[in-house]
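Residue numbers (my numbering): 2 to 131. Glycine included, C-beta positions come from ideal geometry on N, C-alpha and C. All figures in this text were calculated on a predicted structure; none of them were measured in a lab.
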């Protein structure tokens, strides 16, 4: 599944649609002139990493609902934040895709526990470019 998403995300218009339309990011269109998309064999969840305009880092994943826990969400948010900081980027967005995933109050609590307004958690019922 991620591999088919990767092919679609090789096109600028699709990355821009994902970021601006599906996620509601107000990035100016000029930032999309430079972007990188890469498949990452993450542990425990593989994901697609997108870097837009040397400003925004996204981790897009389709996790198995049985593995999603409060601890895993916090770990994924922290890893993304650390990668954002390591690269000197501005924002990090963790995007969980799947109709089997529904936001849980404790996940939002984990996000707020980071005390970082530039880290965001998104839930999409399906990949918006299908």
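Nearest CA to the CA of residue 4: which residue from 23, 28, 42, 26?
Here residue 4 corresponds to residue number 3 of the chain shown, with the count starting at 1. Residue 4 has its Cα closest to that of 42, out of 23, 28, 42, 26.
Of all the options 109, 57, 18, which has the alpha carbon lying nearest to the alpha carbon of residue 87?
Sequence index remark: in the chain shown, residue 87 carries index 86 (1-based). For the residues 109, 57, 18, the minimum Cα distance to residue 87 belongs to 57.
Give the range of the beta strand (DSSP E) segment to which residue 52 is assigned.
The sequence position of residue 52 within the chain shown is 51, counting from 1. It spans 48-53 - the beta strand (DSSP E) in which residue 52 sits, taken as one unbroken run.
Residue 19: which of 100, 50, 117 sits nearest, CA to CA?
Here the question's residue 19 lines up with position 18 in the chain shown. Comparing Cα-Cα distances from residue 19 to each of 100, 50, 117, the minimum goes to 50.
Out of curiosity, what's the CA-to-CA distance linking residue 90 and residue 55?
If you number the chain shown from 1, residue 90 lands on position 89. If you number the chain shown from 1, residue 55 lands on position 54. Their backbone Cα atoms lie some 6 angstroms apart in a straight line.
Could you check which residue in 65, 127, 52 has the C-alpha nearest to that of residue 1?
Missing from the structure shown is residue 1; the chain here goes from 2 to 131 and no further.
Residue 78 and residue 127: beta carbons closer than 8 angstroms?
Within the chain shown, the letter at position 77 stands for residue 78. Within the chain shown, the letter at position 126 stands for residue 127. No.
DSSP state of residue 61 mapped onto helix, strand, coil:
Taking the chain shown and counting its residues from 1, one reaches residue 61 at position 60. Strand at residue 61.
Rank 122, 100, 2, 130 by C-alpha distance to the C-alpha of residue 75 and give the top, closest one.
Mapped onto the chain shown, residue 75 falls at position 74. When each option's Cα is compared against that of residue 75, the closest is 122.
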